[in-house]
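Protein chains in written order, with full-length UniProt numbering: chain X, 1 to 365; chain Z, 1 to 520.
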């Protein structure tokens, strides 16, 4: 019993390991073919980061983590929310605008802005959820189109509410009042986002909700087999909509570490593309809160450690994008290979564990 | 498993006109025996029908012959030569073609384009192919114009294109999987004329169906398959549809016989005038069904598959929002309730397709114990799943229902069909339901599990359970039921006392063979 559990854990770890090794090999191959110093690249990337880089890694991983959890919630219900990117941008804008207006004093203003961000993210994802449930529109299509729409909507609204900095083309929302910023946490001589705490809470809540609650059971059951879920009494359409709303609400948090810990306003230079990294990390982390954390740290590590490559070795840091891309491709294949192997293993295990007459009995039936 | 794989005497003396010879074909999927000991000879220039209930193993057998699946045991001979078919292209290379029930045609292409697709090397894609198509069409009376757009053609013509496609690829042996399922009667007649042409040209046609009258009107020989094995092969002109029905469903002495009647006069389920329209505008799927089941009573529903059994079950379970009519459980109207509310009110449900509806295959057994009962003790503690309680109760089910598994963390997928089903039965019984809906409870399970499941149902009946039993196995229906009702084209067309009904009587009521005037 615990044996089969151990096997399952071992198998679960085998797949990402396999993917990482493959990605390492393919990236090396690309570097060698391009005539770059491939050993030098790896020794830079795999060296222990400086304290300052380490702070950056943790900060960047925090943002990735939230993005990946948002995607993972959808994955557990068999929904492919590609729209985290649009959801977090429109939500960050809304949160920045609300916070900038400073309707409430100090920390209460933070809470209000967080809620506003989650609400707007949920509503934006909810459009896709509603279309899926009522009209059968694939959420893959609708969320990716909503990404484009979000970009336009934000650009339009930003111009309405924005303030322009003196002598600059950058426009942004009103900066957050001093009291509504989330203070950093001292770490290796620097400061990491205070939002790390919220990311950890989100991770724990995600795990408890999905794996321990009745609601999570319904969600996972509907994701595994819609027909079995219907027969068991689950309202699958409602689950789809709720899942989309939850995914969007978490997506609404993705940009907020930057907002509350670094940028203090939403402007035209606000970081984009975080939603797509989240898809890759959720896949890599197997939708598991710990797995996602490791995946987020890995991606952040690759990003940050590759920054000096241009100066040190005249290699573009974009090489890690190849690594990241290959990880995503190989991890999908590796999981499927390992899953099939696991099923076969388990079937053999079951046959072996039962009495030897079992097999004959079945054949003669 | 391999004891039937070689039978040298039979293959060596094969008559030269035997196009297909299957000997001892066996195929096992994890947990299910799809085929075993299948022996079939198909002669050239004949139409050979293969009949059997859904789930009897016809489709698997044909997939083996078409190279989609490899048999675990047995031999295939084509024209006297033993062959190994490992892919459909292998099968096509050996002159075996298959016409699937669901057409594989691109609507926006012409007939010509559809036919040459994937066979461009044979006669090109231009005039050569066009001429060849006209030739084949004329030779077999198919009436196909190569330049027609498929989108403009009706179902019958599309089917003829499918037949032409396999002929174009040089097939001498043609398999048709339930070809009449999609046709109206006139089209069926046309199809049969085409098939006779094929046979006259010396081709071997294998025709899969469960519509007995059609089979008898077109086939030369009929092989009956039951529970994965060939029961017998008979010439079509020496058998009646009634006899075939009997062979199909089995007419041995009922083995699962119930003891004394435990029927009470306390009504558990009353269904009044249940209707379910066809969303595509056809004949209603359920048409004025009324029935009642009492405490301690098993009501068996007999019928050829596709006559409304699945819809009846789903309507009572609340999975068919379009259904209208009154459904009362223990004197409360549940017609507007959700599936979950109905389950909570005391309906246990053994679904027809355990893989699709009964289990989460990639979840461990104990999570499957929770499925369908995720709002009830012992599985929950407030808003949370009570893992301890669910796991303990799964241990109990595994013990009491003899589910053979190394443990409760094993994935459901790894269990055999019989053990999966025993788990489902145990789960549905564990919340002490007042009504059990059992759809094909012993389909695809081994004999041991079948007997065990029958025992569980009988014991629950003694304890006052009301059971709605749907089954394609007449032995099971006659043996277990207190009353048998026959469902034909969405209507209940007759009620029988299992004490004095014969499988023949049921078989003919199911096919409408004796009651033409009543059902017309």
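From the three backbone atoms N, C-alpha and C, an ideal C-beta is built for every residue, glycine too.
C-beta neighbour in chain Z for residue 346 (chain X), strict 8 Å: If you number the first chain from 1, residue 346 (chain X) lands on position 346. Under the 8 Å criterion on CB atoms, residue 346 (chain X) is classed as interfacial with respect to chain Z.
Residue closest to residue 421 (chain Z), alpha-carbon to alpha-carbon, out of Z:409, Z:432 and Z:404: Reading the second chain from its first residue, position 421 is the one you call residue 421 (chain Z). Distances from the alpha-carbon of residue 421 (chain Z) to those of Z:409, Z:432 and Z:404 put Z:404 closest.
Under 9 Å by beta carbon: chain X residues contacting residue 362 (chain Z): Position 362 of the second chain holds residue 362 (chain Z). Chain X residues near residue 362 (chain Z): 224, 225, 339 and 343.
Same chain, Cβ closer than 6 Å to residue 1 (chain Z), five either side skipped, listed in chain order: Locating residue 1 (chain Z) in the second chain gives position 1, counting from the first residue. Residue placement at residue 1 (chain Z) is poorly supported in this model, since its pLDDT is 38, which falls under 50; the coordinates still yield a value, given next. Excluding residues within five positions, the ones whose Cβ falls inside 6 Å are 73.
Interfacial residues, the segment 203–218 of chain X to chain Z, with Cβ spacing under 9 Å: Correct list: 208, 211, 212, 213, 214, 215, 216, 217 and 218.
Given residue 24 (chain Z) as reference, the closest of Z:343, Z:71 and Z:108 once Cα atoms are compared: Position 24 of the second chain holds residue 24 (chain Z). Per the Cα distances, Z:71.
Under 8 Å between C-beta atoms of residue 361 (chain Z) and residue 367 (chain Z): For this step, residue 361 (chain Z) is matched to residue 361 along the second chain. For this step, residue 367 (chain Z) is matched to residue 367 along the second chain. Their beta carbons are not under 8 Å apart, which means residue 361 (chain Z) does not touch residue 367 (chain Z) by this criterion.
Buried or exposed by the 16-neighbour rule on C-beta atoms within 10 Å, applied to residue 509 (chain Z): By 1-based counting over the second chain, the position of residue 509 (chain Z) is 509. Buried, by the Cβ-count rule.
Residue burial classification, residue 428 (chain Z) (beta-carbon count within 10 angstroms, cutoff 16): Within the second chain, numbered from 1, the residue matching residue 428 (chain Z) stands at position 428. Burial call: buried.
Residue 199 (chain Z) versus Z:59, Z:49 and Z:103, residue with shortest Cα-Cα distance: Position 199 of the second chain holds residue 199 (chain Z). Minimum Cα-Cα distance from residue 199 (chain Z) among the listed residues Z:59, Z:49 and Z:103 corresponds to Z:49.
Pairwise C-alpha distance: residue 67 (chain X) and residue 24 (chain X): Position 24 of the first chain holds residue 24 (chain X). Position 67 of the first chain holds residue 67 (chain X). In this structure, the straight-line span from the alpha carbon of residue 24 (chain X) to that of residue 67 (chain X) is close to 24 Å.
First and last residue of the uninterrupted alpha helix (DSSP H) at residue 106 (chain Z): Locating residue 106 (chain Z) in the second chain gives position 106, counting from the first residue. No alpha helix (DSSP H) contains residue 106 (chain Z), which DSSP labels as neither H nor E.
Residue 341 (chain X) classed as buried or exposed, judged by whether at least 16 other C-beta atoms fall within 10 angstroms: On the first chain, position 341 is the one that residue 341 (chain X) refers to. Using a 10 angstroms sphere on the CB of residue 341 (chain X), the tally of other CB atoms stays under 16, which defines it as exposed.
Residue 443 (chain Z) in three-state terms, based on DSSP: The count along the second chain starts at 1 and reaches residue 443 (chain Z) at position 443. In the displayed model, residue 443 (chain Z) falls within coil according to three-state DSSP, outside both helix and strand.
Of the residues Z:437, Z:95, Z:102 and Z:132, the one placed nearest residue 113 (chain Z), counting alpha carbons only: Locating residue 113 (chain Z) in the second chain gives position 113, where the first residue counts as 1. Each of Z:437, Z:95, Z:102 and Z:132 was checked against the Cα of residue 113 (chain Z), and the nearest Cα belongs to Z:132.
Delimiting residues of the alpha helix (DSSP H) encompassing residue 59 (chain Z): Along the second chain, read from residue 1 onward, the residue named residue 59 (chain Z) stands at position 59. 58–65 is the extent of the alpha helix (DSSP H) around residue 59 (chain Z).
Stretch-stretch touch, CB-based, cutoff 8 Å, three pairs: the segment 251–268 of chain X with the segment 108–118 of chain X: Using a C-beta cut-off of 8 Å, the segment 251–268 of chain X makes contact with the segment 108–118 of chain X, since at least three inter-stretch Cβ pairs fall below that distance.
Secondary structure of residue 246 (chain X), DSSP reduced to three states: Here residue 246 (chain X) refers to the residue found at position 246 of the first chain. For residue 246 (chain X), the secondary structure class from DSSP, reduced to helix, strand or coil, is helix.
Collapsed DSSP secondary structure at residue 211 (chain Z) in the structure displayed: Counted from its first residue, the second chain places residue 211 (chain Z) at position 211. Looking at residue 211 (chain Z) - three-state DSSP - the assignment turns out to be coil, as it is neither helix nor strand.
Local conformation of residue 238 (chain Z) per DSSP, three classes: Within the second chain, residue 238 (chain Z) is the residue found at index 238, counting from 1. Residue 238 (chain Z) falls in the helix class under three-state DSSP.
For residue 103 (chain X) and residue 223 (chain X), the rounded distance between their alpha carbons: Within the first chain, the letter at position 223 stands for residue 223 (chain X). Within the first chain, the letter at position 103 stands for residue 103 (chain X). Distance between the alpha carbons of residue 223 (chain X) and residue 103 (chain X) is about 41 Å.
Reduced DSSP secondary structure (H/G/I, E/B, other) of residue 317 (chain Z): What you label residue 317 (chain Z) is simply residue 317 of the second chain in a count that begins at 1. Of the three classes helix, strand and coil, the one that applies to residue 317 (chain Z) here is helix, per DSSP.
Proximity test, Cβ basis, 8 Å: residue 230 (chain X) and chain Z: Residue mapping note: residue 230 (chain X) aligns to position 230 of the first chain, counting from 1. It does; some Cβ of chain Z falls within 8 Å.
DSSP beta-bridge partners of residue 36 (chain X): For this step, residue 36 (chain X) is matched to residue 36 along the first chain. The partner list for residue 36 (chain X) (beta bridge, DSSP) is empty, contrary to what the question assumes.
Partners in chain Z for residue 349 (chain X), counting only beta-carbon separations shorter than 9 Å: Sequence index remark: in the first chain, residue 349 (chain X) carries index 349 (1-based). In chain order: 406, 410 and 414.
Minimum C-alpha distance to residue 19 (chain Z) - residue among Z:121, Z:97, Z:58 and Z:26: Translated into the one-based positions of the second chain, residue 19 (chain Z) becomes position 19. Of Z:121, Z:97, Z:58 and Z:26, the residue nearest in Cα terms is Z:97.
Neighbour flag for residue 370 (chain Z) against chain X, beta carbons, 8 Å: For this step, residue 370 (chain Z) is matched to residue 370 along the second chain. At least one chain X Cβ lies under 8 Å of residue 370 (chain Z).
Length-filtered (3 minimum) beta strand (DSSP E) runs lying within the segment 340–418 of chain Z: Segments of the beta strand (DSSP E) lying fully in the segment 340–418 of chain Z: 347–350.
The segment 468–485 of chain Z: positions lying closer than 9 Å to chain X by Cβ: Within the segment 468–485 of chain Z, no residue has a Cβ lying closer than 9 Å to any Cβ of chain X.
At least 3 beta-carbon pairs within less than 8 Å: the segment 75–88 of chain X vs the segment 147–155 of chain X: With a cut-off of 8 Å on Cβ pairs, the segment 75–88 of chain X is in contact with the segment 147–155 of chain X, counting three or more such pairs.
C-alpha gap between residue 352 (chain X) and residue 406 (chain Z), whole angstroms: One-based indexing of the first chain puts residue 352 (chain X) at position 352. One-based indexing of the second chain puts residue 406 (chain Z) at position 406. Each residue's Cα considered, the two are about 9 Å apart.
From X:161, X:321, X:184 and X:40, residue whose alpha carbon lies closest to that of residue 175 (chain X): Taking the first residue of the first chain as position 1, residue 175 (chain X) is located at position 175. Considering only alpha carbons, the answer is X:161.
Between the CA atoms of residue 329 (chain X) and residue 434 (chain Z) - distance to the nearest angstrom: Along the second chain, read from residue 1 onward, the residue named residue 434 (chain Z) stands at position 434. Along the first chain, read from residue 1 onward, the residue named residue 329 (chain X) stands at position 329. Whole-angstrom Cα-Cα distance: 51 Å.
Residue 508 (chain Z), DSSP secondary structure in three states: Locating residue 508 (chain Z) in the second chain gives position 508, counting from the first residue. In this structure, residue 508 (chain Z) counts as helix in the three-state DSSP scheme.
Beta-ladder partner(s) of residue 46 (chain Z), from DSSP: Position 46 of the second chain, counting from 1, holds the residue named residue 46 (chain Z). DSSP output for residue 46 (chain Z) lists no bridge partner at all.
Residue 306 (chain X) - partner residues in DSSP beta bridges: Stepping through the first chain from its first residue, residue 306 (chain X) is reached at position 306. Residue 306 (chain X) pairs with nothing; no bridge assigned.
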